[in-house]
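Here's the structure we're looking at; comments come further down.
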Amino acid sequence: MNIIDESGILAISTRLQRLSEQLRKDGALIYKSFDIDFEPKYFPVIFTLHHKKMLSVVEIANEIGYTHPSTISLLKELEKQKLIQSKKDKYDERRRLIVLSPKGIELIEKMKPVWDLVSKVLGDIGDNKNNLLAAINEAEEKMAEQSFYQRALQLKKEM
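Each number in this note's numbering corresponds to the 1-based position in the sequence shown with 231 added.
Right under this line is the structure:
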């Protein structure tokens with residue numbers, strides 16, 4: 232056990248980041264083992280467009296919970312990879328609508344069995360006495376009510 236592990240809740244952000252990085256790294260290896268060239272960071276956009284078909288940049292940002300600039304950056308990479316296409320909204324020229332490209336749709340068909348496998352493995356990892364996913368959901372709900380920062384400011388006033 233290292234000092235970060237011993238620090239308890241104080242290092243939760245570091246520990247979640249460490250867990251996230253391990254999942255991403257292993258996720259990339261899993262895709263590679265299926266001969267699929269895919270970076271896990273693209274997953275939220277690709278998965279969202281698979282289910283929602285056509286969305287604006289703002290709608291994608293809201294669906295995946297990323298900032299607008301982060302979303303635009305991801306979309307540029309995906310466009311360069313030719314996995315998505317954009318077109319102007321016929322009702323609003325300023326608005327771009329994003330869809331999966333034929334290459335993106337083909338990629339999803341290759342990835343579906345991988346997603347099934349990954350869901351089973353992650354289900355096993357998260358299925359412990361404290362249920363990881365349930366705990367994350369509860370923490371996110373609390374933070375939606377009042378952010379970490381807002382809570383800290385409130386406690387600071389009470390000091």
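Ideal placement from N, C-alpha and C gives every residue a C-beta, glycine not left out.
In this text, all values refer to a predicted model and were calculated from it rather than measured experimentally.
Practice problem: Count the other CB atoms, across all protein chains shown, that sit within 10 Å of the CB of Tyr380; report buried if there are 16 or more and exposed otherwise. | Solution: exposed
Exercise. Spell out the partners DSSP gives Gln316 in its beta bridges.
Key: Val330
Quiz item: Where do the ends of the alpha helix (DSSP H) carrying Met374 lie?
Solution: 363-376
Quiz item: Do Ser287 and Leu331 have their C-beta atoms closer together than 7 Å?
Solution: no
Self-check item: Residues near Arg326 in its chain [Cβ-Cβ closer than 6 Å; skip 5 each side]
Solution: Ser287, Asp320
Exercise. Might you give, ordered along the chain, the residues of its own chain that have their beta carbon closer than 6 Å to the beta carbon of Ala292, omitting 5 neighbours on each side?
Key: His299, Thr302
Practice problem: Between the Cα of Val345 and those of Phe265, Ile243, Lys283, spot the shortest distance and give me the residue it belongs to. | Solution: Phe265
Quiz prompt | Cα-Cα separation between Ile367 and Ser244, rounded to whole angstroms | solution = 12 Å
Quiz prompt | Residues sharing a beta bridge with Met285, DSSP | solution = Val330
Practice problem: Might you give, ordered along the chain, the residues of its own chain that have their beta carbon closer than 7 Å to the beta carbon of Ala406, omitting 5 neighbours on each side? | Solution: This structure cannot settle anything about residue 406, because the visible part of the chain is limited to 232 through 390.
Quiz item: When the Cα of Leu250 is compared with those of Ile339, Arg382, Leu353, Leu305, which residue comes out closest?
Solution: Leu353
Quiz item: With respect to 6 Å, is the separation between the Cβ of Leu254 and the closest non-hydrogen atom of the ligand FAD below this value?
Solution: Absent from the structure shown: the ligand FAD. Ligands present: none.
Exercise. Would you tell me roughly how many angstroms separate the C-alpha atoms of Ser304 and Gln312, rounded to the nearest one?
Key: 13 Å
Quiz item: Roughly how many whole angstroms lie between the Cα atoms of Val276 and Asp323?
Solution: 22 Å
Self-check item: Beta-carbon gap between Lys343 and Ile267 smaller than 7 Å
Solution: no
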